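Q:
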Amino acid sequence: MTALIIDTDPGVDDAFAIALACSSPEVDLLGVTTVFGNVGLAMTTRNALRLLALYGREDVPVAAGADRPLVFPHPHRARYVHGEDGLSGLSDSLPARATGLASTDAVSLLAALLDRAAEPVTIVPIGPLTNIALLLAVHPSLTGKIARIVIMGGAMAGGNVTAGAEFNIWSDPEAARRVLTEEEVPTVLVPMDLTVRCAVDQAWLDRLAASGERGRTLVDLTAVYRAHYRKSLGRDGTVLHDAVAMAEAISPGILKTTPLPLEVECGQGPGRGMVIADRRTTAAREASGERGGRRVDVALDADLDGVREHMITQLIG
Ligand code: RIB
Ligand code: CA
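Numbering (the numbering used here) for the sequence shown: 780 to 1096.
See below:
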């Protein structure tokens, strides 16, 4: 069993990641924490509750976290990608969950779940990293209870929200830098360079929709999202960024990773939110007088068809 906590900003692709975790018998889903991102915190939290209700998970505690970035606020959300309510306008069509929010905030719930976990836990941040940076800042003694952090975020060669930055990192670069550069917790970064290559086609979605009510509901939630990606990719492709990261969290090694020192641009210029991977050899880096920094396992490749097949096999069950 893999004990997981998901930190999320649902979000259509977040919905597929949550569904993947709920559909995988090898996952022990300890909790879900929410963060601002694709839409505002109130809506991401409401969507998380309803997605868990869709999968019959009244047992999973949910707590709300940060409603804005650590340092510099910004109003930008991604409604143009996910719809006004974050789920193609269909959030209200999902079942309401009888069990409401936990009595604590997201960071307190993360800390409590880590503290009482019998084994180290995999944390899967698939939104801005604000909650995770706060967790690591306030509870450094708990890092030993974190098996891995598997993050969807970053772009090595061209972003989505700006020319150089990917949305999750760009939404809170200071938080991302704390997690990706300052900490020493085993971390996998799944950048959009790979998630875009794992895009699924209409046939994949049709197969999921035909698998039953939950599959059909998930596909219905992609209406606005699919139209956005058809336009931005210029082809029949829907990019389920967060589900690809979740596939790695559930099945370690399904993605091919390379250990790289990372930096996050936190200036206010056009490069804000960019993730810079240092691909120089150790010798070259040391020749320039730099000590080798902490390395993050960056997912740069995979058996793309294998990942797509793995995701749908798990979702169909
Ligand atoms: O850039 C894609 C990421 O930003 C995904 O996690 C999506 O849900 C948004 O949060
Ligand atoms: Ca997300």
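Just so you know, even glycine gets a beta-carbon here, dropped at the ideal spot from N, CA and C. Note that the coordinates shown come from a computational prediction; the quantities given were computed from them, not determined experimentally.
1. Let's test the definition: count the other Cβ atoms within 10 Å of the Cβ of Arg895 and tell me whether it reaches 16, buried, or not, exposed.
2. Counting only the same chain and skipping the five closest in sequence on each side, list residues whose C-beta sits under 7 Å from that of Leu833.
3. Can you tell me the Cβ-Cβ gap for Asp788 and Leu869, rounded? I've got them flagged as a contact below 8 Å.
4. Any idea what DSSP makes of Ala881, helix, strand or coil?
5. Within the present structure, is the beta-carbon of Pro910 separated from the nearest heavy atom of ligand 1 by less than 6 Å?
6. Between which two residues does the beta strand (DSSP E) containing Ile928 stretch?
7. Inspect the CB distances between the region 1047 to 1066 and the region 934 to 953 and report whether three or more fall short of 8 Å.
8. Could you give the distance in angstroms between the alpha-carbon of Glu898 and the alpha-carbon of Gly1013?
9. Is Gly938 near ligand 1, judged by its Cβ being under 6 Å from some heavy atom?
10. Since Asp951 contacts Pro852 with CB under 8 Å, what's their CB separation in whole angstroms?
11. Using a Cβ-based criterion (distance less than 6 Å to any ligand heavy atom), does Gly906 qualify as near ligand 2?
12. Between Phe815 and ligand 1, is the CB less than 6 Å from at least one heavy atom?
13. What are the boundary residues of the beta strand (DSSP E) that includes Ala1081?
14. Within 8 Å, do at least three Cβ pairs link the region 1012 to 1030 to the region 876 to 884?
15. In chain order, what residues of the same chain have a beta carbon less than 8 Å from the beta carbon of Val1086, not counting five sequence neighbours either side?
16. Would the beta-carbon of Asp1021 be found less than 6 Å away from any heavy atom of ligand 2?
17. Return yes when at least one heavy atom of ligand 2 lies under 6 Å from the C-beta of Asp793, else no.
18. Once the 5 residues before and after Leu808 are set aside, which same chain residues still bring their CB inside 6 Å of it?
19. Any heavy atom of ligand 1 closer than 6 Å to the CB of Asn826?
20. Between Leu915, Ile930, Val929, which has its C-alpha nearest Gly923's C-alpha?
21. Going straight from the alpha carbon of Asn837 to that of Ala796, what length do you get?
22. Over what stretch of residues does the beta strand (DSSP E) that includes Ile784 continue unbroken?
23. Can you list the beta strand (DSSP E) stretches of 3 or more residues lying completely in the region 911 to 968, in chain order?
24. For ligand 2, is there any heavy atom lying closer than 6 Å to the beta carbon of Asp788?
25. Figure out for me which residue from Ala936, Glu953, Leu889, Asn939 has the closest Cα to the Cα of Ile928.
26. Please tell me whether, using a cut-off of 6 Å, the distance from the CB of Glu945 to the nearest non-hydrogen atom of ligand 1 is below it.
27. At a Cβ threshold of 7 Å, is Pro899 touching chain C?
28. For Gly819, name the three-state secondary structure that DSSP assigns.
29. With a cut-off of 8 Å on the beta carbons, I'd call Asp864 and Val903 a contact; round off their distance for me.
A: Reading it off the structure:
1. Arg895 is exposed by the Cβ-count criterion.
2. Counting only Cβ-Cβ distances below 7 Å, and skipping sequence neighbours, we find Leu873, Pro874, Arg993, Thr996.
3. Taking C-beta atoms under 8 Å as the contact rule, Asp788 and Leu869 fail to qualify, at a distance of about 17 Å.
4. DSSP places Ala881 in coil when its eight states are reduced to three.
5. The residue you asked about is not Pro; residue 910 is Asn in the sequence shown. No - ligand 1 has no heavy atom lying nearer than 6 Å to the Cβ of Asn910.
6. Per DSSP, Ile928 belongs to the beta strand (DSSP E) from 925 to 931.
7. Three or more beta-carbon pairs separated by less than 8 Å link the region 1047 to 1066 to the region 934 to 953, which places the two stretches in contact.
8. In this model, Glu898 and Gly1013 are separated by some 45 Å (Cα to Cα).
9. No, the Cβ of Gly938 stays beyond 6 Å of every heavy atom of ligand 1.
10. Between Pro852 and Asp951 the Cβ distance is about 10 Å, and since that is not below 8 Å, they are no contact.
11. Checking the Cβ of Gly906 against ligand 2 gives yes.
12. Of the heavy atoms belonging to ligand 1, none sits nearer than 6 Å to the Cβ of Phe815.
13. Unbroken beta strand (DSSP E) run through Ala1081: 1074 to 1081.
14. No: the two stretches stay apart, fewer than three of their Cβ pairs being nearer than 8 Å.
15. Counting only Cβ-Cβ distances below 8 Å, and skipping sequence neighbours, we find Cys977, Val1023, Ala1026, Ile1033, Leu1034.
16. Judged by the Cβ position, Asp1021 qualifies as a neighbour of ligand 2 at the 6 Å threshold, a heavy atom of the ligand being closer than this.
17. For ligand 2, at least one heavy atom lies less than 6 Å from the Cβ of Asp793.
18. If we look at Leu808 and ignore the five residues flanking it on each side, its Cβ neighbours are Leu783, Ala800, Val839.
19. Relative to ligand 1, Asn826 has its C-beta separated by 6 Å or more from all heavy atoms.
20. Of the listed residues, the one whose Cα sits closest to Gly923 is Leu915.
21. In the sequence as displayed, the identity of residue 837 is Glu instead of Asn. Between Glu837 and Ala796, the alpha-carbon positions lie close to 17 Å from each other.
22. Bounds of the beta strand (DSSP E) holding Ile784 are 781 to 787.
23. Qualifying beta strand (DSSP E) stretches, in chain order: 925 to 931.
24. Short note on Asp788: C-beta closer than 6 Å to some heavy atom of ligand 2.
25. The shortest CA-to-CA distance from Ile928 to any of Ala936, Glu953, Leu889, Asn939 is the one to Leu889.
26. Yes, since a heavy atom of ligand 1 falls inside the 6 Å radius drawn around the Cβ of Glu945.
27. In the structure shown, chain C cannot be found, because there is only a single protein chain.
28. Reduced to three states, the DSSP call for Gly819 is coil.
29. Separation of the CB atoms of Asp864 and Val903 is rounded to 23 Å, and the pair is thereby denied contact status at 8 Å.
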